[in-house]
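Protein chains in written order, with my numbering: chain X, 1 to 488; chain E, 1001 to 1376; chain S, 2001 to 2378. Yeah, the Cβ is synthetic: ideal placement off N, Cα and C, and Gly gets one too. The structure under discussion appears below in the form of structure tokens.
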Amino acid sequence: MIIRWVSEDGKRKWIYPIKRDIYTKGKIVKQVSKKAKVIGITKVNIPSPMHPIIPYYVLLLEDEHSNRIPKKTMREYKIGEDYEISLATTDGAVIITKIKYDVYEYLKESIELLHNYGISPEDKILIKPSIIEPAYQYQSVTTNPELLDALITYLKEKGIKDIVVAEQAMLGNDTMASAKKAGILDVCKKHEISFIDLAKSEYIEKTYDNFNFRIAREILERKVINLPVMKTNSQIVISGAMENMLRIVDEETQKKMFKNDIEKTLPKLIKVVPEFLSIGDATIGLQAQGPTLLGEPAFLNMLFLSKDPVALDAVFTEASMLKKPHYLKIADVLGVGNCDTEKIEVIGDELEAIKCPLKAAENNASAHTNMKLIDGKANPYIFNIALKMTAKLVGLLGEEVNLVIGSFITKEMLQKKSRLVAYGKDAIEQMEKLGVKAIAEIPEEMGDIEKVILLKSILQNPNKENITVADNLKSKIIGLGMKVRKKF
Amino acid sequence: MHYIKGVGMTRFGVHVKTTQELCYDAIMEALDDADMPLSEIDEIIIAKGDSANDGERQRLFQGVMSSILQDENIPIIRVTAACSGGGAALWNIINSQAKNSLVVGVDKLTSAPTKYVTDNLMMASERIYEQAEGLSFPVQNALIAQQYMIMSGATIKDFALVALKNHENAFDNPKARFYKKKITLEMIKKSPVVASPLRLFDCSISVDGAAAAIISKDKTDIEIAGSSLYVDRLPAFESEDMTSWQGTILAVKSAYNQAGITPKDVDFVELHDAFTPVELMAYEDLGFAKKGGGKKLIRNGITKINGTLPVNASGGLKAKGHPVSATGVSQIYEIVKQMRGQAEKRQLDKTRVGLVHNVGGVGSTVTVHILRHIGG
Amino acid sequence: MVYIKGTGMSKFDVSQDWSYERIYDCVNEALDSGNVSLEDIDAVFISSSEAESNGERQKHTAPMISSMLKKKIPMLTVPAGCCGGGAALWDAVSFQKVNNARNVLVIGFEKLVANISEKATDEMLRGGERIYEQAEGLIFPAQNALVAQQYMMKYDATSDDLALVALKNHENAFDNPKARFYKKKITLEMIKKSPVVASPLRLFDCSIPCNGAAAAIISKDKTDIEIAGSALSTSKLSSFERENITSWNSTINAAKTAYEQAGITAKNIDIAEVHDAFTPVELISYEDLGFCCKGEGARLIREGTVNINGAFPTNTSGGLKAKGHPISATGVSQIYELVLQLRNQAGKRQVDNIEYALAHNIGGAGCVTTVHILRKSQ
């Protein structure tokens, strides 16, 4: 698709979206064309950091208005050939789009390429963005409000009147505060749409394979459009279309899912939810230590769309040159979707053409340089609080501390690691089972300030071998004192 | 009216010295050539790119220059204009109020791994339309070369002749990267394809180097008869005609007007051959050939060193080397050496009027300078 | 003679608009405020640090502006770190005088906040000397912290004085709709309790990185505001290399040249936008610009002389501290504020009876400085 922004008299054509003509102060007309001819092609043999896979081709396309655009492809077109993006022919197709400044136009084009995806004015839509913690838009931890705005605009143009936006923050975070900082509430306000906090919903139970899921009522009653941010994830390789659906269930269910191995239970959850469309937000995207604020923006400027969330995640993982997550394979076997990229129909940009390595998340990094996380797929509540504890101690030097969380801890993970601190019931139990001694056990029920003070004392005292009753008492007292003086 | 007092240049190649040390060498040579002390300089303009990955990571380069020249009295500024940095700095000096000024162009491209250099050069193109679609610098020029071939009937053999000519010239240029290196037509034609139709030997080579020139309002034997700079669109595909660069046409017209001459009056040229097809396109845009007629000049040997209009007697960017911002000033170096009869084996006979053409990006920033030897 | 026709400025914030959008809007504002049409612009001088980590990766800024404004005219990019705006203006003024161009547009823009804060810190770190400073962890706050410490050891100045500077600038920014801290109440308590970044500098002693753009149109046509002095001076890169760490020669020399051009002394200046990248720099600059004697900088802030209702207001816009500091845009945004003041359009921040205004812009830790003096035309 080639777009130009043209002055009213047609004399000036911009490649950038502008709102008014700086010469005449007049209006701007959008000139959109979906068909183009190939007027040039070059085969490139030199790699670059953004384009590591060679050889690739770059086409020079020209449309009927003589507007041109370059396009990367893996196919050897001939000069004079037509260039057109074909519609998807299968339900499980994945649409890959590179956004050229205008989010709305490229979102619209992508949705219209889908096979068999219809929406009508009577539909009741629920948009589920990804808002796990309070973060600014540019930090790319939450769904880009520009994309949400474009989607709502598109739906309204299709005549849809009943739209809501619903989400629940990562366990331990405040949903409304997160939605506000991310700019999502402003978009909702602009369109006069309500924002629903799923943590406060009514839940309906659904069972699959003897596992009970308590799912928010709205999810089951409305047509869902899943709007995840494409990020790396230190536990399961990526947070994509499937991971975003985790937060449609209540806190208990989430904890239970992680206790029983999230990679096995997540596919089961998708199995009992009615079909939904996923629009993967890679307008910026997050790499390195995702999925929280420890990660780095990746500046991808892309969208991934599919009715098959497994296929979407599989395509994204391969495009980012990350290893294939285990949960995708399980989902495929369960019949939730297709994870074999050879068999997935990819429409728009080619998978090979967009391959660019993203930095993977290591599964042991925390916010503090001296504290490592030994993460046995801890549930989001424990994970969140553990990271927060380490963040509070940034700026203090200390001896290495290994914070153990989650139930899937193995002996190998603990080998050669000293100064182990177990946090949370699951980790405490698992370490007992393995017969490995921790120098401290921090239970979930302990007060927040107390936890941090205890951890601080361990960090700063290299000779501390174990925690005594006296230590516990001391941290309780100091914590109380700090609360009184409101120092924290 | 501005005149050129002296010029200096380091060897273009792989250097271990830091950028400021390269500048220091070029400046010393220029001051010697001009027989002038540093204290008489009123303003210094440096052209230099900057990158997080070049190992030096020196952003406020004017401060570094102040340190190495041990001077806090001369105002120093830096300009950037991708590959046309040198020409832009020169244009800027001519348009400033200083009496005696020093122009320095410097860049180091070999201190970082190739992929970082490719990436850095790629950042001179448009982010969403070009960088996201794999248009690194050679790829941009490859697409333009292809359009040019379709329009003019020029072939890759013509491109190879351009490379051959420039290599033959550089063979005798002690400052050039390919000094005393014999390159044959065979080697050029057999070099690997970088981005079709451009082969390795169609692309100028990234090297390190610095060049300096001292400009003055005091009269000398070489006057700067014309100086112009024009900026055009960022991506090449935005132009109606991709095979002709508006920037060059506007800049050269203004320069000819200022100097009161036409293309016929030009005796020799140093033009911007970042890629061989660009040299052929420049023949046309600068007025030396009709549209599509560039290939005739190279095929008939007109632009060879013994032809009627020698182009790139120094070896050009292709064979002398292309340390991005230093190039523009090194072109001035060649013109001055030729005019003063100091070009040794490369010496041309007719050197009264010389034209210098320096381009940034794909015809995005173009500078044209016309120098005239007025005797003395 | 060089005059100012119009100025424009985008809001200084962390919005993720593309740079071209911000530039387009502030150039529009400058053209409107100066009643100039784009057809009448003869040249453009641009300043941008060409940051790499902001996702835009644009290193050839002049053609981008050519594509945006649809003009094929001379354009040049003059980066100079935090002094970029001032340097571009200085170069433009010089160009206009020599070339007799009718209208010259000056644009400063920056998108610094678009990635994790370490990347922004790294971009700024590259303004320091590679081997002596960057390798020794001397990030920008640390460089200035050492200077502040030397200053406080030598003269009668304390951290409390620094806090007063920050307070003054925040109070001014409260009424500046374009400022980062517009309508955000900051108290002395908050300033003094903010975490230490590089001792003795606290978070609130450091200016805040932002995204923003500002534009100005200078002309040979007579208008109500004349640029009476325009000077640029360079100094050695590292502050430790210079003779005097607590006094910056580049500021002293640039101010001297500018005063000479305008035919005045420091006493004639009625209002100033001073480069407060870090609060101690504002105090040092008062001395270097000649507003008080060496070592007396703290006195001016303690006595309230430089407050908005004082005898000699400085940084009525909020300064870099509270207005925001999008590196290359800052210098031009200072001109924006002074033009508003001279034209009686500064609203709640208006200072009365102004004839001479001074804009002071520093790059690095005193590496390159520009001083511009504006005055109401005779």
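- Near chain X, meaning a CB-to-CB distance below 7 Å, no residue of the segment 2192-2203 of chain S qualifies.
- The DSSP-derived three-state label of THR2121 of chain S is helix.
- By the criterion of a C-beta distance shorter than 6 Å, THR1110 of chain E is surrounded in its chain by VAL1014 and ASP1208, once the five residues flanking it on both sides are discounted.
- Going by DSSP, HIS1002 of chain E is part of the beta strand (DSSP E) stretching over 1002-1009.
- Those residues of the segment 2045-2075 of chain S placed with their C-beta closer than 7 Å to a C-beta in chain X are GLY2055, SER2067, MET2068, LEU2069 and LYS2070, ordered along the chain.
- Cβ neighbours of ILE2041 of chain S within its own chain (closer than 6 Å, five residues either side excluded): ASN2103 and LEU2105.
- 9 Å or more divides the Cβ of VAL224 of chain X from the Cβ of SER194 of chain X.
- The three-state reading of DSSP puts LEU2374 of chain S in strand, counting E and B together.
- The beta carbon of GLU1130 of chain E sits closer than 9 Å to some beta carbon of chain X.
- Any Cβ of chain E closer than 9 Å to the Cβ of ILE160 of chain X would place that residue at the interface, and such an atom is absent.
- Using a 10 angstroms sphere on the CB of GLN2341 of chain S, the tally of other CB atoms reaches 16 or more, which defines it as buried.
- ALA365 of chain X is positioned such that its CB atom lies no closer than 9 Å to that of GLN254 of chain X.
- From the listed residues E:LYS1165, E:LEU1090 and E:VAL1231, the smallest Cα separation to LYS2072 of chain S is found for E:VAL1231.
- The C-beta separation of ASP471 of chain X from SER457 of chain X comes to about 7 Å, placing the pair in contact by the 8 Å criterion.
- The beta carbon of LYS2119 of chain S sits closer than 9 Å to some beta carbon of chain X.
- Under the Cβ distance rule, ASN2028 of chain S counts among the residues neighbouring chain X, one pair being separated by less than 9 Å.
- Scanning the segment 2225-2262 of chain S for uninterrupted alpha helix (DSSP H) segments of 4 residues or longer gives 2249-2262, listed from N- to C-terminal end.
- Contacts between ASP1208 of chain E and chain S, judged by CB atoms closer than 8 Å, are missing: the closest CB pair is about 16 Å apart.
- For chain X, the residues of the segment 1241-1274 of chain E that bring a beta carbon within less than 9 Å of one of its beta carbons are MET1242, in chain order.
- Listed along chain S, the residues sitting closer than 8 Å to ILE1076 of chain E by beta-carbon distance are THR2234 and VAL2368.
- Look at LYS2059 of chain S here: in three-state DSSP terms it is coil, with no helix or strand label.
- Note: PRO297 of chain X is bridge-paired with X:LEU286 in the DSSP secondary-structure output.
- Not a single CB atom of chain S sits nearer than 9 Å to the CB of PHE211 of chain X.
- The alpha helix (DSSP H) runs lying completely inside the segment 110-176 of chain X and spanning 4 residues or more are 145-157, given in chain order.
- With 16 or more other CB atoms across the displayed protein chains lying within 10 angstroms of its CB, GLY2229 of chain S is buried.
- Inclusion of CYS339 of chain X and LYS323 of chain X in the CB contact set at 9 Å is not warranted, their separation being larger than that value.
- Listed by position along chain E, the residues whose Cβ is nearer than 9 Å to that of THR2314 of chain S form an empty set, because the closest Cβ is around 25 Å away.
- For the pair VAL249 of chain X and ARG217 of chain X, the CB atoms are not nearer than the 9 Å cut-off.
- For SER239 of chain X, the uninterrupted beta strand (DSSP E) segment begins and ends at 237-239.
- For ASN2115 of chain S, there is no enclosing beta strand (DSSP E), as DSSP marks it with neither H nor E.
- As the crow flies, the alpha-carbon of ILE46 of chain X is around 38 Å from that of ILE1093 of chain E.
- Bounds of the alpha helix (DSSP H) holding ASN2028 of chain S are 2019-2034.
- Residues of the same chain with a CB within less than 6 Å of the CB of ILE2269 of chain S, apart from the 5 flanking positions on each side, are TYR2356 and LEU2358 in chain order.
- Take ILE1074 of chain E, set aside five residues on each side of it, and the residues of its chain with a beta-carbon closer than 6 Å to its own are ILE1041 and ILE1044, in chain order.
- At the C-beta level, PRO17 of chain X and PHE1237 of chain E stay beyond 9 Å of one another.
- Counting along the chain, PRO380 of chain X sits inside the alpha helix (DSSP H) bounded by residues 380-392.
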